[in-house]
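In my numbering, the protein residues as written are 1010 to 1208. Built from N, CA and C at the ideal position, the CB exists for glycine as well. Written out below as structure tokens is the structure these notes cover.
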Amino acid sequence: MIQTLSIRGLAAISLCGLLVSTGCAPLIIGGAATAGLAVAQERTIGDAIDDTVIQARIKDKLLQVSSNLFLRVSTEVLEGRVLLTGSVPTAQDRVEAARLTWTVSGVREVLNELQVTERGGLADTLADARITTTLRFQIMGDRSVTDINYSIDTVNGIVYLIGIAQTQAELDRVLGYARNISGVKQVVSYVVLRNDPRR
């Protein structure tokens, strides 16, 4: 019996095929979730899917070169802007991660915040996770902040933010929360405003 696929169904199949062709089949479910979340985000569904594919391809490039880079480099992608965070043992590793990122189609900007240092111990990892979780819960509980538009990572007490703020006042609230969390050494923001011409 022949059935007609909806446009949404065709889009889902196309997305699955694209992700499989990139060698990132495990990210199919994540890609579908990204498309769902994008409905509530400032970026379009198309941009969210593109960002998911870019992120998958970057991680694939890192894995092909070094499992160490793959494990130690975190990536956040927002409308083609890529934020690299984490810690790597050498300056060459830092440069190589950025170089590989630039080879991925769709990358418009690389924000290289990789720290050249040995990986911290369990206590450092837990402290960073506490900071990230605390900030996430604070902005989730603030009705003046659209928390879904912010990505947060913390490395050795430094908080990195990337996202899209509705207004400068909203961004100031988020930065204020971050700066007032115990253990935070510095806050680095790559958040842009909704009407920023760079978008």
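Exercise for review: Quick one: grab the DSSP three-state call for N1165.
Suggested key: In the structure shown, the three-state DSSP call for N1165 is coil.
**Study point:** Straight-line gap, N1158 to I1173 (C-alpha atoms, nearest Å)
**Key:** 6 Å
Review point. Which value, in whole angstroms, describes the spacing of the CA atoms of I1161 and R1139?
Key: 12 Å
Review point. Excluding the five sequence neighbours on either side, which residues of its own chain have a C-beta within less than 6 Å of the C-beta of V1200, listed in chain order?
Key: These residues qualify, in order along the chain: L1170, G1172, A1174 and L1180.
Review point. For L1123, does the three-state DSSP call read helix, strand or coil?
Key: If DSSP states are grouped into helix, strand and coil, L1123 belongs with coil.
Point to revise | Sheet register partners of S1083 (DSSP bridge) | key: T1094
Check your understanding: Ordered along the chain, which non-local residues of its own chain (more than five positions away) have a Cβ less than 8 Å from that of T1031?
Key -> Below a pLDDT of 50, predicted positions are generally treated as unreliable, and T1031, at 44, falls in that range; no measurement from the model is reported.
Point to revise | Identified DSSP bridge partners for A1174 | key: L1202
Review point. Where does V1197 fall in DSSP's three states?
Key: DSSP places V1197 in strand when its eight states are reduced to three.
Check your understanding: What residues in its chain sit with their C-beta under 7 Å from that of V1113, if we drop five residues either side in the sequence?
Key -> I1063, R1066, I1067 and K1070
Check your understanding: Which of helix, strand or coil does DSSP assign to E1105?
Key -> In the three-state scheme derived from DSSP, where H, G and I count as helix and E and B as strand, E1105 is classed as helix.
Review point. Buried or exposed: where does L1144 fall if 16 or more other Cβ atoms within 10 Å of its Cβ makes it buried?
Key: Around the beta carbon of L1144, a 10 Å sphere encloses 16 or more other beta carbons of the protein chains shown; the residue is thus reported as buried.
Practice item. Spatial neighbours of E1127 within its chain, please: CB distance less than 8 Å, with the 5 preceding and 5 following residues excluded, ordered by chain position. Key: S1096 and P1098
Exercise for review: Please go through the same chain and pick out, in chain order, the residues whose beta-carbon is closer than 8 Å to the beta-carbon of D1060, but skip the five residues on each side of it.
Suggested key: T1043, R1052, V1086, L1087, E1088 and G1089
Review point. Roughly how many angstroms lie between the CA atoms of S1153 and Q1195, to the nearest whole one?
Key: 23 Å
**Study point:** Three-state class that DSSP yields for E1179 in the structure shown
**Key:** helix
Exercise for review: Output yes or no for whether 7 Å exceeds the beta carbon distance between L1093 and L1123.
Suggested key: yes
Review point. From what residue to what residue does the alpha helix (DSSP H) around T1134 run?
Key: Looking at the DSSP string, the run of the alpha helix (DSSP H) that includes T1134 is L1131 to M1149.
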